[in-house]
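> Starting off with a structure, shown below.
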Amino acid sequence: MKIKTIRIDASKCTGCRACEMICSAFHAEQKYSIANPKRARINVFKDEENDVYVPVLAGPYTDVECLGRNTVTINDKEYGECSFCRASCPTRVLFKEPDAPEIALKCDMCGDEPLPMCVKWCMAGALTYVEREEAS
Amino acid sequence: MAYGWMGSGLEVDLTAGTVEKKSADPKLYESYLGGKGINIKLFWDRVSPEVEPFSPENLLIISAGLLTGTPAPAGNHGCISYKSPLTKFFASSSIGGFWPAELRHAGYDTVVFSGKSPRPVYLWINNDQAELRDAAHLWGKDTKETQSLIQKELKNDKVQVLCIGSAGENMNTAATIQHGSTHSASRGGPGAIMGDKNLKAVAVFGTKDVSIARPAEFMKFCDIIMEKSESLRNYYSKKTHRTGEFAQEFMNWGVFGNVDKMPADFEHIEARQTEFVSKYLVREPACYNCPFKCLATIAHPDVGPVTLKCTSWWSFMCASKLLDLDFSVRCLDMCFRYGLDHLSAANRIAFAIALYQNGILTKEDTDGLVLEYGNPEVAYALIEKMARREGIGDILADSVAEAARRIGKGAEKYAFHIKNLEIKFHSYFSPYFAFTTAIGDRADTNCAGTGSMTPEGISFGMPIHEYVQRGFSPFPDDWEKFLYVDYSVNYEGLAEVAYYGENLKTLTDLLGICWNPSGFWPFTAIKLDSMLGLLSSATGTDFDEAQAFKIAARVRGLIQAYNVRLGLRRKDDTVPEKFFQQEVVGYQKKKGLKKLDHDKFEEQLDKHYQMKGWNNDAIPTAETLDKLGLSYVRQDLEKRGIL
Ligand code: SF4
Ligand code: SF4
Chain S
1 MKIKTIRIDA SKCTGCRACE MICSAFHAEQ KYSIANPKRA RINVFKDEEN
51 DVYVPVLAGP YTDVECLGRN TVTINDKEYG ECSFCRASCP TRVLFKEPDA
101 PEIALKCDMC GDEPLPMCVK WCMAGALTYV EREEAS
Chain A
137 MAYGWMGSGL EVDLTAGTVE KKSADPKLYE SYLGGKGINI KLFWDRVSPE
187 VEPFSPENLL IISAGLLTGT PAPAGNHGCI SYKSPLTKFF ASSSIGGFWP
237 AELRHAGYDT VVFSGKSPRP VYLWINNDQA ELRDAAHLWG KDTKETQSLI
287 QKELKNDKVQ VLCIGSAGEN MNTAATIQHG STHSASRGGP GAIMGDKNLK
337 AVAVFGTKDV SIARPAEFMK FCDIIMEKSE SLRNYYSKKT HRTGEFAQEF
387 MNWGVFGNVD KMPADFEHIE ARQTEFVSKY LVREPACYNC PFKCLATIAH
437 PDVGPVTLKC TSWWSFMCAS KLLDLDFSVR CLDMCFRYGL DHLSAANRIA
487 FAIALYQNGI LTKEDTDGLV LEYGNPEVAY ALIEKMARRE GIGDILADSV
537 AEAARRIGKG AEKYAFHIKN LEIKFHSYFS PYFAFTTAIG DRADTNCAGT
587 GSMTPEGISF GMPIHEYVQR GFSPFPDDWE KFLYVDYSVN YEGLAEVAYY
637 GENLKTLTDL LGICWNPSGF WPFTAIKLDS MLGLLSSATG TDFDEAQAFK
687 IAARVRGLIQ AYNVRLGLRR KDDTVPEKFF QQEVVGYQKK KGLKKLDHDK
737 FEEQLDKHYQ MKGWNNDAIP TAETLDKLGL SYVRQDLEKR GIL
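Taken in order, these protein sequences are the chains called S and A.
The numbers in my numbering rise by one with no breaks, and the one at position 61 of the first sequence is 61.
Numbering-wise, my numbering comes out as the position in the second sequence, counting from 1, plus 136.
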């Protein structure tokens with residue numbers, strides 16, 4: 001089975017959100033007719049003050065919020081619970097259609113596109129596309 | 137609403153404490169496109185020339201550009217306009233980052249602030265809901281703290297914030313409006329207007345779509361830009377911060393008028409900056425949807441992370457004649473937190489030191505501070521005093537021109553400004569630089585003034601043909617006769633190059649395309665044909681160069697007419713007398729620069745006004761105004777006896 005992967009190098013991210021923008025434009029009903037990062041299937045977590053930039057791709061939808069929560073400490077600053085989570089879940093608004101929160105947004109690797117759009121628009125090289133074969 | 141625009145604006149009456157959503161007149165968009173164009177039209181209609189900058193009748197208008205928030209790369213700018221407390225004319229300051237695009241996603245193109253709030257407030261725009269909130273707890277807080285407090289209070293870290301610091305609260309005329317870690321609307325004193333209005337911040341969050349009329353065509357132009365960007369993006373960071381290559385040029389070119397020569401160790405600036413950056417650079421961030429990396433985040437053990445941009449690297453080192461990058465970064469961190477324009481602040485420091493060194497200021501005037509070059513503490517102390525309006529800082533907070541008047545004793549000789557706006561640390565001995573600055577709509581060459589009709593490199597005698605050949609020049613490709621000229625010494629052609637450059641610059645302001653990749657450097661990724669393509673396919677209405685430039689000329693003409701009513705004339709379109717009179721020394725002399733030639737300068741000015749359809753006293757003629765669709769302006773100028 002061919003596995004499509006996006007490798008994220010957070011240290012290269014410029015925080016430009018081009019990935020969010022182009023993801024939303026590509027998935028518009030009429031391709032590229034709109035732009036709206038809040039409808040993207042990728043989210044760039046940013047804390048400029050602490051120089052933390054982490055692109056997160058939308059993972060699966062879950063209809064119950066998780067019970068185990070974690071924290072992450074980077075450069076002595078603690079980040080709570082959901083900052084780097086990929087799930088579209090009942091606790092937060094991220095990875096849902098803004099006007100229709102019942103619709104979850106999940107990264108689909110841009111279907112048949114030769115290159116995922118966010119990778120194509122990420123000039124900084126923070127996102128790279130890797131395909132690998134895996135025994136199913 | 138038509139494609140490309142959101143179609144609504146917010147009307148905020150700070151006196152009454154009301155916020156109202158208003159749909160905009162489609163004609164306004166068609167005739168003025170966006171950003172600065174919308175701002176000047178609203179300003180003309182609503183603010184009579186007699187209104188004082190610090191008065192409730194003065195408006196602060198923020199408009200996003202027409203392409204802001206679309207997929208157009210670097211389409212992220214907005215324009216903030218007001219009557220400047222510094223120049224006393226209509227002025228605009230440009231801002232990038234993430235705020236202007238967020239405003240469009242909230243559903244608006246424009247926010248108009250009028251009146252004056254009785255107590256500190258901030259505006260919170262959350263899609264269709266907008267309200268004024270108490271800001272008493274934020275008053276006195278620095279700009280970075282203010283932003284994070286607001287995000288916490290609103291429980292949303294995606295909220296984008298514009299805000300002022302102490303400098304704005306204390307109505308320092310060099311006060312900026314800050315956003316994010318480094319973005320700002322800087323020159324002309326917009327932060328002071330917010331301070332006067334008791335408006336601490338404007339927070340925005342939006343989830344709406346920005347729409348494109350002809351998407352497939354639009355994306356083709358995006359692809360062209362992205363392709364060009366790929367080969368150019370490293371150039372930016374290499375030139376500006378990675379190697380300090382530009383530092384070598386900038387630092388040695390006549391500093392704020394008060395320093396003619398840098399100390400000998402400045403010959404090593406390039407090596408020093410390269411070393412500093414390789415040690416402390418942790419990231420090169422970008423504004424919204426921009427493929428470039430003009431910013432540099434420095435994580436220094438003592439300060440940081442601090443994100444620097446453009447020429448900010450060098451202003452304080454110049455003013456203090458001190459080759460010390462650590463010092464420079466600290467000064468900038470202070471400026472960002474206080475919300476202070478680094479160019480005006482550094483110019484004011486150079487001015488104060490010069491006065492002290494020449495015996496015009498003494499210890500009694502400076503609270504015991506010895507104002508000398510080479511001492512970092514002088515700059516730290518003065519920045520703080522200016523932001524807080526303490527002691528000597530109170531006098532400097534008004535501008536060098538005003539301070540010179542108050543101090544007397546010949547201080548005027550050391551006050552370097554154009555139309556009251558402090559000059560930056562470039563050499564005005566370069567005819568190109570002097571000319572384009574003199575005729576700009578905001579008297580300087582940073583982002584919002586049409587004075588920045590560069591490529592900047594031209595004024596440094598950089599070889600442009602290389603860029604022309606690679607297709608990276610912002611000018612038409614058949615313009616070799618102008619582009620091979622070294623304008624750091626020549627005059628012929630200035631009128632034409634400046635005319636084209638001003639139209640181009642104005643257009644980027646209307647579209648909200650950042651000027652950096654569209655013309656500021658001599659390696660342009662976003663060329664005019666791409667911009668016209670984006671404009672046409674976004675709106676669904678075709679624009680060619682002539683049509684787009686006509687709108688640019690309309691906007692520039694309207695700004696000029698507004699300011700002409702305030703007394704602006706040809707005599708103001710000049711640079712400080714020193715550059716016409718004093719012999720050139722040091723590095724600049726080595727580079728072949730000469731003092732400016734008055735006659736040649738004036739000759740180009742005549743020609744330039746003529747091309748614009750202005751008379752030789754810088755007033756747009758009746759015929760020109762009619763042609764530009766500004767008959768209402770002609771009538772007003774006639775009524776006032778100006779035409
Ligand atoms: S496009 Fe790349 S650099 Fe820009 S925010 Fe996304 S991951 Fe970061
Ligand atoms: S791969 Fe495609 S769907 Fe997934 S985040 Fe990137 S642009 Fe969006």
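Idealized CB from N, CA, C, for every residue including glycine.
Here the structure is a predicted model, which means the values were calculated and not measured.
1. Taking the Cβ atom as the reference point for each residue, do D733 of chain A and P567 of chain A lie within a distance shorter than 9 Å?
2. Specify the secondary structure class of A40 of chain S as computed by DSSP and reduced to three states.
3. Does V346 of chain A have its Cβ less than 9 Å from a Cβ in chain S?
4. Using only Cβ atoms and a threshold of 7 Å, which residues come within that distance of a heavy atom of ligand 2? Order them by chain position.
5. Please specify which runs of the alpha helix (DSSP H), each continuous and at least 4 residues long, are wholly inside the segment 738-764 of chain A, giving them in chain order.
6. Looking at chain S, is there any beta carbon in it that lies within less than 9 Å of the beta carbon of Y424 of chain A?
7. Note the first and the last residue of the continuous alpha helix (DSSP H) segment covering R692 of chain A.
8. Hey, would you say L702 of chain A sits closer than 9 Å to K224 of chain A, going by beta carbons?
9. Starting from R7 of chain S, follow its DSSP beta bridges and name the residues at the other end.
10. Name the DSSP bridge partner or partners of Q314 of chain A?
11. Helix, strand or coil for T14 of chain S? Go by DSSP, reduced to three states.
12. Does the segment 632-647 of chain A come close enough to the segment 684-694 of chain A to have 3 or more Cβ pairs within less than 8 Å?
13. With a floor of 3 residues, list each beta strand (DSSP E) that falls wholly inside the segment 455-500 of chain A, ordered by position along the chain.
14. Chain A beta carbons: is any one of them nearer than 9 Å to that of P98 of chain S?
15. What I want to know is whether the C-beta of G325 of chain A ends up closer than 8 Å to one or more non-hydrogen atoms of ligand 1.
16. Measuring only from the beta carbon, is R269 of chain A closer than 8 Å to any heavy atom that is part of ligand 1?
17. With a 10 Å radius around its C-beta and 16 neighbouring C-beta atoms as the bar for buried, classify H241 of chain A as buried or exposed.
18. Hey, would you say the C-beta of V130 of chain S is under 8 Å away from at least one heavy atom of ligand 1?
19. Could you work out which residues of chain A lie near G15 of chain S, taking near to mean beta carbons separated by less than 7 Å?
20. Considering only their Cβ atoms, is the gap separating T447 of chain A from F382 of chain A smaller than 9 Å?
21. Specify the secondary structure class of D530 of chain A as computed by DSSP and reduced to three states.
22. Looking only at its chain, what residues have a beta carbon closer than 8 Å to the beta carbon of N292 of chain A, apart from the 5 residues adjacent to it on each side?
23. Are any of the Cβ atoms in chain S nearer than 9 Å to that of F354 of chain A?
24. Establish whether the CB of A124 of chain S and some CB of chain A are separated by less than 9 Å.
25. Relative to the C-alpha of N306 of chain A, which candidate in A:L640, A:V439 and A:K277 has its C-alpha closest?
26. Along the chain, where does the beta strand (DSSP E) that runs through V56 of chain S open and close?
27. Please state if the CB of F402 of chain A and the CB of L461 of chain A are separated by a distance shorter than 9 Å.
28. Taking the alpha carbon of R323 of chain A as the reference point, which residue from A:D477, A:V442 and A:I261 has its own alpha carbon closest?
29. Quick one, which residues of the segment 430-460 of chain A are near chain S if we go by CB-CB under 9 Å, in chain order?
30. Quick check on this structure: which residue in A:A328, A:T318 and A:A266 has the alpha carbon closest to the alpha carbon of F190 of chain A?
31. With burial defined as no fewer than 16 other Cβ atoms inside 10 Å of the residue's Cβ, what is the status of E719 of chain A: buried or exposed?
32. Tell me, please, whether the segment 248-259 of chain A touches the segment 147-154 of chain A by the rule of three or more beta-carbon pairs shorter than 8 Å.
33. Report yes if the C-beta distance between L134 of chain A and I755 of chain A is below 9 Å; otherwise report no.
34. Given the structure, does M470 of chain A come close to ligand 1, in the sense that its CB is under 8 Å from one of the ligand's heavy atoms?
35. Taking Cβ-Cβ distances shorter than 7 Å, what residues in chain A pair up with D51 of chain S?
36. Decide if the segment 649-664 of chain A is in contact with the segment 357-375 of chain A; the criterion is three or more beta carbon pairs, one per stretch, under 8 Å apart.
Straight from the coordinates:
1. Contact: yes.
2. coil
3. yes
4. S:I6, S:C19, S:I22, S:C23, S:F26, S:H27, S:A40, S:R41, S:I42, S:L57, S:A58, S:C107, S:D108, S:M109, S:C110, S:P116, S:M117, S:C118 and S:V119
5. 758-763
6. Closer than 9 Å: yes.
7. E681 to V700
8. yes
9. Per DSSP, S:T128.
10. A:C299 and A:S320
11. coil
12. Taking 8 Å as the limit for Cβ pairs, the verdict is that the segment 684-694 of chain A does touch the segment 632-647 of chain A.
13. none
14. Taking Cβ atoms only, chain A reaches closer than 9 Å to P98 of chain S, which makes this a yes.
15. no
16. no
17. By the beta-carbon neighbour count (other beta carbons within 10 angstroms, threshold 16), H241 of chain A is buried.
18. no
19. G15 of chain S reaches chain A at P421 and A422, counting residues in chain order whose Cβ is nearer than 7 Å.
20. yes
21. Shown here, D530 of chain A sits in a helix according to DSSP, grouped into three states.
22. F341
23. yes
24. yes
25. A:K277
26. V52 to L57
27. Going by beta carbons, L461 of chain A and F402 of chain A fall outside the 9 Å limit.
28. A:D477
29. L431, T433, A435, G440, P441 and T443
30. The shortest C-alpha to C-alpha distance from F190 of chain A to any of A:A328, A:T318 and A:A266 is the one to A:A328.
31. exposed
32. yes
33. Residue 134 of chain A lies beyond the residue range present for chain A, which begins at 137 and ends at 779; the question has no answer from this structure.
34. no
35. V418, R419, T433, A435 and P441
36. yes
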